[in-house]
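S.K.:
Residue numbers (my numbering), protein chains in the order written: chain A, 1 to 328; chain B, 1001 to 1328.
In structure tokens, the structure reads:
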């Protein structure tokens, strides 16, 4: 008789599945990734080989780093839509400055706008409390304006891609893409920062309950400013990597990565409302999106259809995660 | 009288600013006359509709990030439907596109009401979707507009009984704008529906407890926003003669004008007149910069910076109005 009181009611399968998804989001994500690869293999037998994997990794890495920017900003309840412009600016400045400057100077010049835009974003969001979406959209418009003015001044000097970035972007070492030399430390640093350092905990704290964080002595604006500067820096580095991969400097180089980077972080289980998520899921999310893009290319889906799909993915996944949290 | 001034103080101040800017324009360019005013009105047209779309949603306590994408989609739809079609066919195209805006806007509202995902995420997702749909309709700028539609925004409106010199200051574009906006806005404002929109924006819970069907009113607000955005898209097609699938800078501009126009981003306050005057102010600043022979790209930077500062200022006022330590 009393056993029914003390024993918890056996949860239904659906509930257990939901709880499982909420506790270990990585496992269903990896399963989804494997399913996608399997579909690809069925549609084009023999496509999945060593070269394809290296190629997928090459394209997934810039996306994953940008999605890292989104993950960290989303943990605080924000978003950074300026990453595309920042990456483009760094790439374009690097490619044009390397012609007349030595690499170190060119690198510093390329990272300068990244840090500046990050700083302005951080001050706008942290001090003036502008909604991050509006703020980063605004700075990205201003950044694009600056880039257009800058392009006029360097139109005569031409552009070139430094050998080092070429090597980093497209080279292979023992079948592994060289971009991993950059990505593995960056990813390790992000994961370490989020899980093991005070700064990482502050990000979760601010996103989970800003008021509580503030009352326990967190300097909100300092955390947010540092966060957006880091996000800008990462986006700038991604730009350098991406120019080595694409090899054609243009004024809209990294723009197509912005929407997928948001989608990758959302798919990876990071809550767009803040406080929940992590970088490992985002990496898998970036891989899923890259494989999905290959799949859609094979199915000859036009760019417009892809964007529609990404939009629905963001909406559906957010709604699903919301249900999972409400159920608990 | 004092009460009127206090209530309309912000709008009156904006109007004074606008007059001041006109004086400045005359000083810079003594020849600035009715013809230039006509082209200003034409340039304002799409912005004004974008701002109207944003205003109604902001008053209802939300935000619509899909405004610019909605305008792009409706613009390309109209342009591709009118391409190669007869003049009379446009009589069918206009209501069709407006209905499309209304339905897609309502869909935004329904998604927010049903999924309970915050408006900012839902409209971000629909921003992706509408952008993708616009690319599917036309993958490059193209299409056409009916001649009588194009003629409807060029030139001046002959008004009987008005002297020619005064008539020259009444461009058709301005008349069109005023008619389209206020035919919808004035009946709405004095109706129960309009009151409900203000009510849910000012305090959703209180509105719900007073018997306002919150979900339904929100859907209506988004539907009207979609309708205004469709007007904006049509005006884009009409004034350029083609449709472009890439959204213009209307999202940030609409938010900036809403803030500058005295509509609180929290909702429940303000009207349509302020934001519309604010659009004229922002456009006139651009005209002045152009007249001062400043590089158009630099103008874009200055304009972007003004909009970001305005939004920052608006957000700053919101924090000042709150008790210390409260979350936004």
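The beta-carbon is built from N, C-alpha and C at its ideal position, and this holds for glycine as well.
Mapping DSSP to helix, strand and coil, what is residue 270 (chain A)?
M.R.: It is coil, neither helix nor strand.
S.K.: Residue 1172 (chain B) lies in the alpha helix (DSSP H); which residues open and close that run?
M.R.: First-last of the alpha helix (DSSP H) with residue 1172 (chain B): 1172-1190.
S.K.: Helix, strand or coil for residue 197 (chain A), going by three-state DSSP, please let me know.
M.R.: DSSP places residue 197 (chain A) in coil when its eight states are reduced to three.
S.K.: Taking C-beta pairs closer than 9 Å, name the residues in chain A that residue 1311 (chain B) reaches, listed in chain order.
M.R.: Simply 124, 128, 130, 131, 134, 135, 138.
S.K.: Of all the beta strand (DSSP E) runs that stay within the bounds of the region 1110-1148 of chain B, which reach a length of 3 or more residues?
M.R.: Segments of the beta strand (DSSP E) lying fully in the region 1110-1148 of chain B: there are none.
S.K.: At the 8 Å Cβ level, is residue 1119 (chain B) part of the contact set with chain A, yes or no?
M.R.: Chain A contact via Cβ: absent.
S.K.: Going by DSSP in three states, residue 128 (chain A) sits in which element: helix, strand or coil?
M.R.: The answer is coil: DSSP assigns residue 128 (chain A) none of H, G, I, E or B.
S.K.: Taking the beta carbon of residue 215 (chain A) as the centre, do at least 16 other beta carbons fall within 10 Å, making it buried, or is it exposed?
M.R.: So residue 215 (chain A) counts as exposed.
S.K.: Kindly identify the DSSP beta-bridge partner or partners of residue 172 (chain A).
M.R.: For residue 172 (chain A), which the question treats as bridged, DSSP gives the partners A:177.
S.K.: Alpha carbon to alpha carbon, how far is residue 1302 (chain B) from residue 16 (chain A)?
M.R.: Answer to the nearest angstrom: the Cα atoms are 55 Å apart.
S.K.: I want to see whether chain A comes within less than 8 Å of residue 1307 (chain B), judged by CB atoms only; does it?
M.R.: So yes, residue 1307 (chain B) belongs to the interface.
S.K.: Would you report the Cα separation of residue 1106 (chain B) and residue 1220 (chain B), rounded to the nearest angstrom?
M.R.: Roughly 6 Å between the two C-alpha positions.
S.K.: With which residues is residue 1243 (chain B) paired in a DSSP beta bridge?
M.R.: Paired residues: B:1142.
S.K.: Start and end of the alpha helix (DSSP H) containing residue 12 (chain A)?
M.R.: Here residue 12 (chain A) belongs to no alpha helix (DSSP H), and DSSP marks it neither H nor E.
S.K.: Counting only Cβ pairs nearer than 8 Å, list the residues of chain B close to residue 303 (chain A).
M.R.: Here the neighbours are 1132, 1135, 1139.
S.K.: Kindly list, in the order they appear in chain A, the residues whose Cβ is closer than 7 Å to that of residue 1304 (chain B).
M.R.: Going along chain A in sequence order, the residues near residue 1304 (chain B) (Cβ under 7 Å) are 138, 141, 142, 145.
S.K.: Pick helix, strand or coil for residue 139 (chain A), following the three-state DSSP scheme.
M.R.: Helix.
S.K.: Can you list, in chain order, the stretches of the alpha helix (DSSP H) that have 4 or more residues and sit fully within the region 1212-1257 of chain B?
M.R.: Runs found: 1214-1240.
S.K.: Identify the continuous alpha helix (DSSP H) that holds residue 1287 (chain B) and give its terminal residues.
M.R.: Unbroken alpha helix (DSSP H) run through residue 1287 (chain B): 1273-1291.
S.K.: Can you give the Cα-Cα distance for residue 1323 (chain B) and residue 179 (chain A), rounded to whole angstroms?
M.R.: With a pLDDT of 44 at residue 1323 (chain B), under the threshold of 50, the predicted position of this residue should be treated as unreliable, though the coordinate-derived value follows. One C-alpha to the other measures close to 49 Å.
S.K.: Since residue 311 (chain A) meets chain B, which of its residues come closer than 9 Å, beta carbon to beta carbon?
M.R.: Simply 1124, 1125, 1126, 1127, 1128, 1129, 1130, 1131, 1132.
S.K.: Between residue 308 (chain A) and chain B, is any beta-carbon pair separated by less than 8 Å?
M.R.: By this cut-off, residue 308 (chain A) is an interface position.
S.K.: Check whether chain B comes within 8 Å of residue 259 (chain A), counting only Cβ atoms and requiring the distance to be less than that.
M.R.: So, interface residue.
S.K.: How long is the line joining the alpha carbons of residue 1232 (chain B) and residue 1076 (chain B), rounded to whole angstroms?
M.R.: Distance between the alpha carbons of residue 1232 (chain B) and residue 1076 (chain B): 12 Å.
S.K.: Could you tell me whether any Cβ in chain A is nearer than 8 Å to the Cβ of residue 1045 (chain B)?
M.R.: It does not: the Cβ of residue 1045 (chain B) has no partner Cβ on chain A nearer than 8 Å.
S.K.: Answer yes or no: does any C-beta atom of chain A fall closer than 8 Å to that of residue 1327 (chain B)?
M.R.: Because the pLDDT at residue 1327 (chain B) is just 40, under 50, the model does not fix this residue reliably, and the value given afterwards should be weighed accordingly. Answer yes: the Cβ-Cβ gap between residue 1327 (chain B) and chain A drops below 8 Å somewhere.
S.K.: Taking a Cβ distance cut-off of 8 Å, strictly less, list which residues of the region 1270-1299 of chain B are near chain A, in chain order.
M.R.: Of all residues in the region 1270-1299 of chain B, 1295, 1297, 1298 have a Cβ within less than 8 Å of some Cβ in chain A.
S.K.: Please report the straight-line C-alpha distance between residue 193 (chain A) and residue 159 (chain A), rounded to a whole angstrom.
M.R.: The straight-line gap from Cα to Cα measures roughly 36 Å.
S.K.: Spell out whether any CB of chain B is found under 8 Å from the CB atom of residue 222 (chain A).
M.R.: No, no contact with chain B.
S.K.: Could you give the first and the last residue of the continuous alpha helix (DSSP H) run that contains residue 1266 (chain B)?
M.R.: From DSSP, residue 1266 (chain B) is part of no alpha helix (DSSP H); its letter is neither H nor E.
S.K.: DSSP on residue 76 (chain A), reduced to helix/strand/coil?
M.R.: Coil at residue 76 (chain A), not helix or strand.
S.K.: What is the rounded straight-line gap between the Cα of residue 1062 (chain B) and the Cα of residue 14 (chain A)?
M.R.: Cα to Cα, the separation comes out at about 33 Å.
S.K.: Taking 8 Å as the CB-CB limit, is residue 206 (chain A) close to chain B?
M.R.: It does not; no Cβ of chain B falls within 8 Å.
S.K.: Does the beta-carbon distance from residue 1045 (chain B) to residue 1177 (chain B) come in below 8 Å?
M.R.: Contact flag set, yes.
S.K.: Return yes when the Cβ of residue 1146 (chain B) is within less than 8 Å of the Cβ of residue 1087 (chain B), no when it is not.
M.R.: In this structure, residue 1146 (chain B) lies closer than 8 Å to residue 1087 (chain B) by Cβ.
S.K.: Can you name the residues that DSSP bridges to residue 1156 (chain B)?
M.R.: B:1171, per the DSSP bridge assignment.
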